[in-house]
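To keep things clear, I will list the structure first and then write my remarks on it.
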Amino acid sequence: MLIATLISFSLAGYVLLLLSSAIYYIGLSNHSVRNFIILGVLVGSFIVFFMNYNDGNNPVKILIFDRLRVEDGDIAGNNRTTFLFKDYFKNFIQKPEVIWGIGSKKYATMTWGGGTAGIKVFIVMHGIIGLLLMLLLYVSYFIQYRSKVGINMLITYFVCYLQNTYPLAEITLIIFITGLAYLKSLHDEQAKQQIAYGT
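Each residue of the sequence shown is one higher than the last, beginning at 7 in my numbering.
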């Protein structure tokens, strides 16, 4: 999983990997300060190495770090939507349609001069009500199968949907639900072992 993310050269993948690692090793750990220092050293070493490796002429520098530059007040790698969609969204959020959305069928008939993705696209299609129902669905599953590590999964999923349009896709829901259930079973098993050994 780690190797697959690293060789994907996906900016979103790198960000999600860093976020989930920080939550797990810092936010959910009993040794947060130590892990913060270790993670900081690893990330810092990673950045310094690839910024200078082969004089910066390497895939990580070009495909990841260069996309983090600020251009015209926005991050260069923030290319999930086109300018046409951004202008449409600014007007859309001021209209009554923002409550229920325009629907996926109508959205499919519209052109934006390029690909679009992200939570803004989801809002255009399903509206604020659809967004709230989607969040309620995910939170309700988390409550049912809640665990300490499950918090990491929930937050990572929510951040992922900032640049992903399909949080209700079957494969996405299957992975989330079964993943939470598996993490819950591990959490309960560890709790039983701690009680058995008196720790």
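For each residue, glycine too, the CB sits at the ideal point set by N, CA and C.
In the DSSP annotation of this structure, the continuous segment of the alpha helix (DSSP H) that includes LYS96 starts and ends at 89 to 98. By the Cβ neighbour-count rule, HIS37 is exposed, with fewer than 16 other Cβ atoms within 10 Å of its own. The shortest C-alpha to C-alpha distance from ILE70 to any of LYS154, SER14, ARG86 and ASP93 is the one to SER14. Exposed is the label assigned to PRO65, since fewer than 16 other Cβ atoms lie within 10 Å of its Cβ. Setting aside the 5 residues that flank it on each side, TYR30 is surrounded in the same chain by ASN158, each with a C-beta closer than 6 Å to its C-beta; the list follows chain order. When DSSP states are grouped into helix, strand and coil, ILE13 belongs to the helix group. With contacts defined as CB atoms closer than 8 Å, TYR113 and MET140 fail to qualify as a contacting pair. By the beta-carbon neighbour count (other beta carbons within 10 angstroms, threshold 16), SER191 is exposed.
Note on GLN169: 16 or more other CB atoms within 10 angstroms of its CB, so buried under the neighbour-count rule. DSSP, reduced to helix, strand and coil, places MET116 outside both helices and strands of the structure shown, so it counts as coil.
For GLY46, the three-state secondary structure derived from DSSP is helix. Separation of LEU179 and ASP61 (C-alpha to C-alpha, rounded to the nearest whole angstrom) is 43 Å.
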